[in-house]
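In the numbering used here, the protein residues as written are 1478 to 1666.
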């Protein structure tokens, strides 16, 4: 096993290049993110953005050219009332002084709700769903989302960004599902 790369990432390398996922999706984080996502409790977006920013700053890595958020369809946005990922991205942008481009990506068709699907169905549910509105030749992008579960959404969006010319795509999420890794574990490609 390669140092710093988990077994799952070695078996199926993700399309994104690095990940910042400071928390695990367990109580109380799960309740906080659900309240943000489904009950529009916007104060929790500040907390989510804050832990992402703290993690990114602690790493001391080169800043990306800009941030973007995982998009939603218009129908889903109307139903939910807000895109929590876009809200978190805007807050992180302000704190880090990195531009954010909320309209770069588009989700072109409605899909089944990812949380209701198996890992295999999550991947197939998203094929061809996202588009990028411009070329990104050589740019470094940080993709913002609230939760990483199977990685299907992050992988599909990262593929689209790289097909548009992005040289590097980092994934910044507030929390990830699964077992907490051993101390100092950092999953990178």
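From the three backbone atoms N, C-alpha and C, an ideal C-beta is built for every residue, glycine too.
Between which two residues does the alpha helix (DSSP H) carrying residue i extend?
{"i": "residue 1543", "result": "No alpha helix (DSSP H) contains residue 1543, which is instead part of the beta strand (DSSP E) from 1543-1546."}
Going by the DSSP bridge assignment, what does residue i pair with across the sheet?
{"i": "residue 1636", "result": "The partner list for residue 1636 (beta bridge, DSSP) is empty, contrary to what the question assumes."}
{"i": "residue 1582", "result": "1609"}
Just the C-alpha distance for residue i and residue j, rounded to the nearest angstrom, thanks.
{"i": "residue 1626", "j": "residue 1527", "result": "20 Å"}
{"i": "residue 1537", "j": "residue 1580", "result": "28 Å"}
{"i": "residue 1492", "j": "residue 1520", "result": "31 Å"}
{"i": "residue 1624", "j": "residue 1552", "result": "21 Å"}
{"i": "residue 1611", "j": "residue 1643", "result": "11 Å"}
{"i": "residue 1545", "j": "residue 1505", "result": "26 Å"}
{"i": "residue 1647", "j": "residue 1655", "result": "20 Å"}
{"i": "residue 1567", "j": "residue 1524", "result": "13 Å"}
{"i": "residue 1557", "j": "residue 1590", "result": "12 Å"}
The beta strand (DSSP E) with residue i in it runs from where to where?
{"i": "residue 1621", "result": "1617-1625"}
{"i": "residue 1652", "result": "1645-1653"}
Using the Cβ count rule (16 or more neighbours within 10 Å means buried), how would you classify residue i?
{"i": "residue 1632", "result": "buried"}
{"i": "residue 1515", "result": "exposed"}
{"i": "residue 1585", "result": "exposed"}
{"i": "residue 1605", "result": "exposed"}
{"i": "residue 1561", "result": "buried"}
{"i": "residue 1565", "result": "buried"}
task = Tell me the start and end of each unbroken alpha helix (DSSP H) in the segment 1491-1567 that is at least 4 residues and wholly inside, in chain order.
result = Runs found: 1506-1516, 1520-1536 and 1551-1557.
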